[in-house]
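Protein chains in written order, with UniProt numbering: chain E, 1 to 336; chain R, 1 to 336.
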């Protein structure tokens, strides 16, 4: 099934079931008010949502309405966890190579992962509002899963069974703020602003045979200012499956329902597949000619991230965002 | 006022107001069911909770009961953000010195901070359940704040106004897993298991004159297996105030209500004040004699972290935890 969270003025939005063709939706608030609440009690709630999904697809759902991605918040507008892997090690190797650094061999057999901010996840068509172009604004096209409760120390097999939903992500990155943060060793704080997510989250069965061995075997298509710049296959060159990423995350602690785990920037070794982040393009330029010539995003730029099924239909709906300059800070008159 | 979250079998627990002397409590569920819900609408909810707090302190609250810290979850059992600073730069310098590494000078004027996991924050008397003593189990005594909504790019003055509550933290750390994770640059994932928090969260006014310039000017007392090992003053040698830590966090993104921001391990330059994490003690041993002799925690060990006011009364209640071995993983029969 396909689920979305609609804007209603609240912090967590309103849960809706969306039809397979993304054309209609119906509120699911009588089943569960929010997606987090559904995830909190998934085995009880999911079958009821599935029933509603079947009715909607058969055009038999009461009070259905046209689905508008512009009304979507992130499926989880705020989550209790967002942990992002770097499963496409090819991407990591390219980045290192471009700065003449050796990538540790361990990166091929142990996932690289960082803990991201999850208090303010933004919707698929929300603007990317940032203070300065000087920060080196970049997109990163990724796939992510939402988990149920994953017990500490479980293996990949068990971890994989707790994958509830899948989404697309634009993991916005501020490239010029990354080197000083990485040098400190403590990961990303300022260099990873709010990430945005696809209009709908889908259960793995929606992917059919494209969901195999805990990977999504379909191209992820990224367009920048209207031009397709990448369509690498998310199932190719993914060194760690989602099950393995979740296993890694759960090694020393329980991972609780509603945790989002990302794949990292999708990247294929076959460079003809293009790129899903500008940084990779720039790395290739540096490796080829010593100088990066493609600039990062400017205010006004747009990015679109989408995944189509074998029949050419959008699975998750599209992330379509524009970069905008933050207005100058206005001091509030009094402590709120 | 003082607020606690009581165990009721749900994921988020039940909000209670606790008396200043920590002796009695009263459910606040008719005002706000959970602490997060109170934080979501603080300006409306807080005055109602304050009224109840006044009644409770005057012994006029209906249906009050004896307050038992064992019934407490973390004030926020799951939070949308846990970002931990390293404001006691002295501690960072000692760690570096013990491994003959130079600390970058920038650490004195820009906060070091990492994004931590917040999906499973544990209660003040919950066991620290871990898989192996070989991981190098350590406690870290800290102070933390909970924020309201902090707008992107605001200054420390504005950020400080959004500090709603204060807590104590035991930021459990797995010392032997840290070096390989830090070497990758992506911060802590496996080396920082679930953190635990004090029985109550308190509004800054509860600290009286000890809350000054956005720092807590009181000793933080840590006991290990019943022996006091540290009582450094949290207001001394704190290079970055909580307001500055929140400002740092909010540089490139909006920080949403219910975000927890930690001080990092409390540490004074005056070594006679002892230590609030074993790693620091071991660093001092290495610097003095070349070898760390104090072992990390073993299964069965206990740690107690508390802060007393000038009159010797506990402000937050005590974190009292025992380290226990995780039972072997039992595979569940079917996908949940």
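Glycine included, every Cβ here is placed at the ideal spot set by N, Cα and C.
All values reported here derive from a predicted model rather than from experimental measurement.
- The C-beta separation of residue 258 of chain R from residue 79 of chain R comes to about 6 Å, placing the pair in contact by the 8 Å criterion.
- In the three-state scheme derived from DSSP, where H, G and I count as helix and E and B as strand, residue 236 of chain R is classed as coil.
- Contacts with chain R at 8 Å (Cβ-Cβ) include residue 130 of chain E.
- Looking at the backbone, the Cα of residue 122 of chain R and that of residue 103 of chain R are separated by about 33 Å.
- Three or more pairs of CB atoms, one per stretch, sit closer than 8 Å, so the region 218-238 of chain R contacts the region 301-316 of chain R.
- Between residue 299 of chain R and residue 97 of chain E, the alpha-carbon positions lie close to 44 Å from each other.
- For the region 105-123 of chain R, the set of positions with a beta-carbon nearer than 7 Å to some beta-carbon of chain E reads 112, 113, 114, 115, 116, 117, 118, 119, 120 in chain order.
- Excluding residues up to 5 positions away in sequence, 191 lie with their Cβ nearer than 6 Å to the Cβ of residue 178 of chain R in the same chain.
- With distances taken between CA atoms, residue 50 of chain E lies nearest to E:204 out of E:111, E:175, E:204.
- Residue contact with chain R for residue 193 of chain E: present (Cβ-Cβ distance below 8 Å to some residue of chain R).
- Sequence-ordered contacts of the region 64-83 of chain E with chain R read 78, 79, 80, 81, 83 [C-beta pairs closer than 8 Å].
- Taking a Cβ-Cβ cut-off of 9 Å, residue 211 of chain E has no neighbours in chain R, whose nearest Cβ is about 14 Å from it.
- When R:183, R:151, R:182, R:136 are compared, the shortest CA-CA separation from residue 173 of chain R is found for R:136.
- Collapsing the DSSP output to three states places residue 106 of chain R in a helix.
- By the Cβ-count criterion, residue 42 of chain R is buried, with 16 or more other Cβ atoms from all chains shown falling within 10 Å of its own Cβ.
- Counting only runs of 4 or more residues that sit fully inside the UniProt domain "Fumarylacetoacetase N-terminal" (1-78) of chain E, the alpha helix (DSSP H) segments are 35-40, 42-57, in chain order.
- Sequence-distant partners of residue 199 of chain R (beyond 5 residues in either direction) whose C-beta falls short of 7 Å from its own C-beta, in its chain, are 4, 69, 72, 124, 316, 317.
- The C-beta separation of residue 94 of chain E from residue 277 of chain E comes to about 11 Å, leaving the pair out of contact by the 8 Å criterion.
- When beta bridges are read from the DSSP output, residue 170 of chain R appears opposite R:141, R:196.
- Sequence-distant Cβ neighbours of residue 260 of chain R in its own chain, meaning closer than 6 Å and more than five residues away, are 79, 82, 144, 146.
- The beta carbons of residue 321 of chain R and residue 126 of chain R sit about 7 Å from each other, so the pair counts as a contact at 8 Å.
- Out of R:1, R:302, R:63, the CA that lies nearest to the CA of residue 30 of chain R is found in R:63.
- From the beta-carbon of residue 39 of chain E, no residue of chain R is found nearer than 9 Å; the closest lies around 10 Å away.
- Comparing alpha-carbon positions, the option among R:263, R:312, R:25, R:57 lying closest to residue 170 of chain R turns out to be R:263.
- By the rule that beta-carbons nearer than 8 Å mark a contact, residue 256 of chain R touches chain E.
- Of the other Cβ atoms in all chains shown, 16 or more fall within 10 Å of the Cβ of residue 187 of chain E; this residue is therefore buried.
- The beta carbon of residue 152 of chain R falls within 8 Å of a beta carbon belonging to chain E, placing the residue at that interface.
- Below 8 Å, enough C-beta pairs join the region 83-92 of chain R and the region 232-243 of chain R to call them touching: three or more.
- In this structure residue 35 of chain R does not touch residue 184 of chain E by the C-beta definition: roughly 32 Å separates them, more than the 8 Å allowed.
- Within the region 203-279 of chain E, complete beta strand (DSSP E) segments of at least 3 residues are found at 221-224, 227-230, 259-262, given in chain order.
- In the three-state reduction of the DSSP assignment, residue 156 of chain E falls in the helix class, which pools H, G and I.
- Rounded to the nearest whole angstrom, the CA to CA distance from residue 234 of chain E to residue 215 of chain E is 7 Å.
- Residue 289 of chain E places its beta carbon 8 Å or farther from that of residue 231 of chain E.
- Residues of the region 251-283 of chain R whose Cβ lies closer than 9 Å to any Cβ of chain E, in chain order: 251, 252, 253, 254, 255, 256, 257, 258, 259.
- The C-alpha of residue 21 of chain E lies about 11 Å from the C-alpha of residue 66 of chain E.
- For the set E:247, E:319, E:1, the Cα lying nearest the Cα of residue 154 of chain E is the one of E:247.
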